[in-house]
Amino acid sequence: MNLKIENINFKERYGFVRNGKGGKDRIFIIPEKLLRVLLQICVNRSKEEYLLLTNRNKKYNIRTIQKIVKTAAKAAKLNYRDVHCHTLRHSFATHLS
78 MNLKIENINF
88 KERYGFVRNG
98 KGGKDRIFII
108 PEKLLRVLLQ
118 ICVNRSKEEY
128 LLLTNRNKKY
138 NIRTIQKIVK
148 TAAKAAKLNY
158 RDVHCHTLRH
168 SFATHLS
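The numbers in our numbering rise by one with no breaks, and the one at position 16 of the sequence shown is 93.
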């Protein structure tokens, strides 16, 4: 949740996570559809700002993201007990290959 706008390369369609899991830096690919959404989100914002902000302009904490994922899983009629943030990461990587 520490991703800032400056960590997104819109032209090359990738993002850069600093000090991710295990303290490692990581690069990730941004699909075209998501890129369009991100461009809209970032209009007229400083590159130093966090990419995703709450309605109070604060960065999200991990607990809030977990609740959002659970709520979305319930709405999709998935077994929400089996869906976690890591599930999304794994699914994205699986469908990317």
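We put the CB at the ideal spot given by N, CA and C, even for glycine. On a predicted model such as this, the values are computed, not experimentally measured, just so you know.
Since residue i is in the beta strand (DSSP E), which residue starts that stretch and which ends it?
i: ARG103; result: 103 to 106
i: VAL51; result: Any answer about residue 51 is impossible in this case: the structure gives the chain only from 78 up to 174.
i: TYR91; result: 91 to 94
Assuming residue i and residue j are in contact, meaning their beta carbons sit under 8 Å apart, how far apart are those beta carbons, in whole angstroms?
i: ILE145; j: CYS119; result: Wrong, their Cβ atoms sit about 20 Å apart, outside the cutoff.
i: LEU80; j: LEU115; result: Wrong, their Cβ atoms sit about 10 Å apart, outside the cutoff.
i: GLY92; j: ASN84; result: 6 Å
i: LYS151; j: MET78; result: Not really, about 21 Å apart at Cβ, beyond 8 Å.
i: ASP102; j: ARG113; result: Their Cβ separation, rounded to whole angstroms, is 26 Å, which puts ASP102 and ARG113 out of contact at 8 Å.
Which two residues bound the contiguous alpha helix (DSSP H) that contains residue i?
i: VAL160; result: Element bounds for VAL160: n/a, residue is neither H nor E.
i: ILE142; result: 139 to 152
Closest to residue i by C-alpha separation, out of the options, would be which residue?
i: LYS147; options: ASN79, THR164, PRO108 and LEU111; result: THR164
i: GLU89; options: ILE104, GLY97 and GLN117; result: ILE104
i: LEU111; options: GLY99, PHE87 and ASN134; result: PHE87
i: THR141; options: GLY100, LYS101 and HIS161; result: HIS161
Using 7 Å as the cut-off, classify the Cβ of residue i as near or not near the heavy atoms of the ligand PLP, replying yes or no.
i: GLN117; result: This structure does not include the ligand PLP; it has no bound ligands of any sort.
Determine whether the Cβ of residue i lies closer than 8 Å to any Cβ atom of chain B.
i: ASN84; result: Absent here is chain B; the protein component of the structure consists of one chain.
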